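Below you'll find the structure, written out as structure tokens, and then a few comments.
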Amino acid sequence: MGKSNWGRWGADDERGALNLLTDDVIKAAASSIKHGKVYSLGIPIQGHGVPLMDYRGTPMRLTLQDSTDDGIYKMYGCHDGTGAHEDVLVMASHTTSHMDALVHVYGDYQHYNGVDFKTMHALGGAQKLGIDKVGGFAARAVLLDMVKHFDEGEWVKLGRNITSNDLQAAAKKQGVEIRKGDVVLVRTGYLQFWWANNAEGKPSPFEQAGIGADAANWLSEQDIVAVGCDNAAVEVIPFDDNDFLIVHKILLVNAGIYLLEFLNLAEPAKDGVYEGILSVGPLKVTGATGSPINPIFIG
């Protein structure tokens, strides 16, 4: 199933395709910035008005300290009129815009690089391949606007399986090239659909456009670092070949290629900014299976 990078960077490797990001690759990527425009690709973390999955619960921001605590710092020399506000954040690691760790999904009871699925512990978390192994990264990114490519409306038809031929045709039309060490961003318009559908008070359908196994296999052969999309799982839903998380298994498990989900790609697409640098800094939560992110795209 697709290209395997198991053992490519050693039997103990826990970073996968991030190993492709050498100093020279990053220096070369800097030349992809043409306009100097900065885009925040993350969507809000809030209890309503954004796509949420029931089993992950509702993210909560709880006030830890506010104006009702005025005066508690007088013992430290706090002047009248000076104070502080603080919050507690409670959320699933895969809330709204997020990055999957390599430990997130397994196939045949194994994670990337042959790590056994039992290395994930209820209390101790991931003993290997956790999101903390990522640290943070920056890479050249190519945005493929499939909404514009198919030209069928404001979003790609729900449930459409985006193929490797579709991705290559969009890249050719946009005049961009996918290179080794890149992040590929695939815009389906799903977030725009979700917000429009939610505003009308309608339930969200199960179907989502996304890449299928063919596209995932082709992307893994291009030696990319990550794939980002504006839908829930990067991959098409219903799942290709009726195989649950088949794209996750091809990219995350076999190739060590990371997945970035629920990214809002509408603004750079509107501006026609199709390449640049993407900076991603997941929270360094020890043993976590993923992390909320707010990727910054500079085009």
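All letters in the sequence shown, in the order written, are residues 353 to 651 by the working numbering.
No residue lacks a Cβ here, since even glycine has one placed at the ideal position from N, Cα and C.
The model shown is predicted, which means the values in this text are computed figures rather than measured ones.
From which residue to which residue does the alpha helix (DSSP H) around residue i run?
i           : result
residue 602 : Per DSSP, residue 602 belongs to no alpha helix (DSSP H) and is neither H nor E.
residue 573 : 565-573
residue 381 : 375-381
residue 516 : 516-526
residue 498 : 498-502
Measuring alpha carbon to alpha carbon, tell me which of the options ends up nearest residue i.
i           : options               : result
residue 514 : 568, 622, 494 and 619 : 568
residue 523 : 648, 384 and 626      : 626
residue 580 : 599, 614 and 556      : 614
residue 572 : 600, 548 and 584      : 600
residue 519 : 566, 385 and 461      : 566
residue 398 : 362, 618, 354 and 444 : 444
residue 498 : 593, 488, 546 and 509 : 509
residue 384 : 358, 629, 584 and 561 : 629
residue 477 : 456, 646, 526 and 466 : 456
residue 564 : 592, 556 and 576      : 592
residue 454 : 577, 538 and 559      : 577
residue 539 : 496, 368 and 390      : 496
residue 546 : 648, 644, 616 and 391 : 616
Who are the near neighbours of residue i in its chain, counting only those whose CB is closer than 7 Å to its CB and skipping five residues on each side?
i           : result
residue 528 : 494, 626 and 627
residue 531 : 492
residue 386 : 651
Within its chain, find whatever has a CB closer than 8 Å to the CB of residue i; leave out the 5 residues flanking it on each side and keep chain order.
i           : result
residue 396 : 402 and 448
residue 468 : 461 and 462
How is the beta strand (DSSP E) around residue i delimited, first residue to last?
i           : result
residue 623 : From DSSP, residue 623 is part of no beta strand (DSSP E) but of the alpha helix (DSSP H) over 618-623.
residue 552 : Unbroken run through residue 552: none, as it is neither H nor E.
residue 581 : 578-581
residue 481 : Looking at the DSSP string, residue 481 is not in any beta strand (DSSP E), and its letter there is neither H nor E.
Could you pull out every residue in the same chain whose Cβ sits closer than 6 Å to the Cβ of residue i, ignoring the five residues on either side in sequence?
i           : result
residue 410 : 399
residue 570 : 516
residue 391 : 619, 620 and 649
Our contact map puts residue i next to residue j with C-beta atoms below 8 Å; I'd like the distance itself, whole angstroms only.
i           : j           : result
residue 450 : residue 642 : 5 Å
For this session: Decide if the segment 470-477 is in contact with the segment 369-382; the criterion is three or more beta carbon pairs, one per stretch, under 8 Å apart.
Result: no
Exercise. Taking contact to mean at least 3 C-beta pairs separated by less than 8 Å, is the segment 429-448 in contact with the segment 407-418?
Worked result: yes
Exercise. Just checking, does the segment 503-511 make contact with the segment 634-648 on the three C-beta pairs under 8 Å criterion?
Worked result: no
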